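Numbering (this note's numbering), first residue to last: 1024 to 1321. A virtual CB, placed ideally from N, CA and C, is assigned to each residue, including glycine. Please read these numbers as outputs of a predicted model, since none were measured by experiment. Heads up, the thing below is written out as structure tokens.
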Amino acid sequence: MKKEDILHLEKLMNFLSLHFLKKNHWEDVTKTEWSYIVTEINDLIITDNEEKNIKKKADILGSNYLYEHLIINKLKKYHQNENSALSKPNLAKLSLIVKVLGYSNYIDFINSHTGAFNFSDLRIDMDNAKQNTALLDRLVGYWYSYNRNLPDNPSEVKDDRIWRSAMEIYKSETSGEYYIERSGGDHHKYFGKVTAYSDYVFIIMNSNTFIRQRHFISRIKDIKEKLKNPEYKLHELHFISTCISFNQEPIALFEIFQKADRKSFISDSISFPIDSDEIPHSIVKQLEDTESNRIDYR
1024 MKKEDILHLE KLMNFLSLHF LKKNHWEDVT KTEWSYIVTE INDLIITDNE EKNIKKKADI
1084 LGSNYLYEHL IINKLKKYHQ NENSALSKPN LAKLSLIVKV LGYSNYIDFI NSHTGAFNFS
1144 DLRIDMDNAK QNTALLDRLV GYWYSYNRNL PDNPSEVKDD RIWRSAMEIY KSETSGEYYI
1204 ERSGGDHHKY FGKVTAYSDY VFIIMNSNTF IRQRHFISRI KDIKEKLKNP EYKLHELHFI
1264 STCISFNQEP IALFEIFQKA DRKSFISDSI SFPIDSDEIP HSIVKQLEDT ESNRIDYR
């Protein structure tokens, strides 16, 4: 294996450790945890076969494939001795892993992860204010974001398509901060930090493919009272957001974050016609109301 092959394999193992365990690096994952990840991947492979009505028995991974074949025999050997003679891992098996995670093949995965997320560049701290961690904990989970640019002139012809982006909010085991990761078109991946003060939620987000920060703000009325009820569930959030466009003009957007069922969660962005049956009617109605959702940023 060349050094480049090792770096690619590390990207995959880091991705798996972050995706399934929210751990940033493969070295932080134990043998037992790698077995857990294999079980999760095998479940996805079997489900994928069933959905495609494939009669042939699913080609699943051995319980110790990730730990023994890739971690022990590849990555750890290389880091102990960079001159070790290492054979390349089975490309078909690597492609099998990434396919059930939404990629076409292993090469597609590598090309989609040319840059690492740098969460430390994002800061949304407010001095002398206590975070509303009870609210943040309710935000953790899988969401879909329905969004669309709002035109400078609301009387302009409305765009007939909107985007549904898949995203996840989670708490970092290492830093204790709340992070958000989101899919985008053409392999763009967005990453950000989430915080909440009182009944306000703030998100600052960037991209791994180009620099264009986006800022989100939402308010959940009477959230302190609502959180006193242990049965209270948060299913929807309405955000006004802004980003800087390529001509350096701020663009105002209205977005709705809606909780998603993990079993039906699709980790890719999808563009729907505005009249699609797959978009909840309440969301379409609010997205069409560009006048009331605008930000007067001038």
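- The beta-carbon separation of Leu1044 and Glu1056, rounded to 6 Å, stays under the 8 Å limit for a contact.
- Setting aside the 5 residues that flank it on each side, Asp1291 is surrounded in the same chain by Gly1125, Ala1189, Ser1206, each with a C-beta closer than 7 Å to its C-beta; the list follows chain order.
- Judged by DSSP in its simplified three-state form, His1092 adopts helix.
- Sequence-distant partners of Ser1110 (beyond 5 residues in either direction) whose C-beta falls short of 8 Å from its own C-beta, in its chain, are Met1024.
- The Cβ-Cβ distance between Gln1154 and Thr1197 does not fall below 7 Å.
- Leu1119 has no beta-bridge partner at all, per DSSP.
- When the beta-carbon positions are compared, Ile1120 and Ile1064 come within less than 7 Å of each other.
- Ala1157 carries a helical assignment under DSSP once its states are collapsed to helix, strand and coil.
- Taking a contact as a CB-CB distance under 8 Å, the pair Lys1194 and Val1163 counts as one, their CB atoms being some 6 Å apart.
- Sixteen is the threshold: since fewer than 16 other Cβ atoms of the shown chains lie within 10 Å of the Cβ of Pro1253, the residue is exposed.
- Counted as a single uninterrupted DSSP element, the alpha helix (DSSP H) harbouring Met1036 occupies residues 1026-1044.
- Rounded to the nearest whole angstrom, the CA to CA distance from Trp1166 to Lys1078 is 33 Å.
- Beta-carbon to beta-carbon, Arg1187 and Tyr1169 are separated by about 6 Å, close enough to satisfy the 8 Å threshold.
- Here DSSP, grouped into helix, strand and coil, assigns Glu1191 to strand.
- In its chain, beyond the 5 residues on either side, Arg1161 have a beta carbon closer than 6 Å to the beta carbon of Leu1257.
- In the three-state DSSP reduction, Asn1087 falls in the coil class, being neither helix nor strand.
- For Glu1278, DSSP records a beta bridge to Asn1170, Phe1262.
- Across the structure, Asn1128 and Lys1247 are spaced so that their CA atoms are roughly 46 Å apart.
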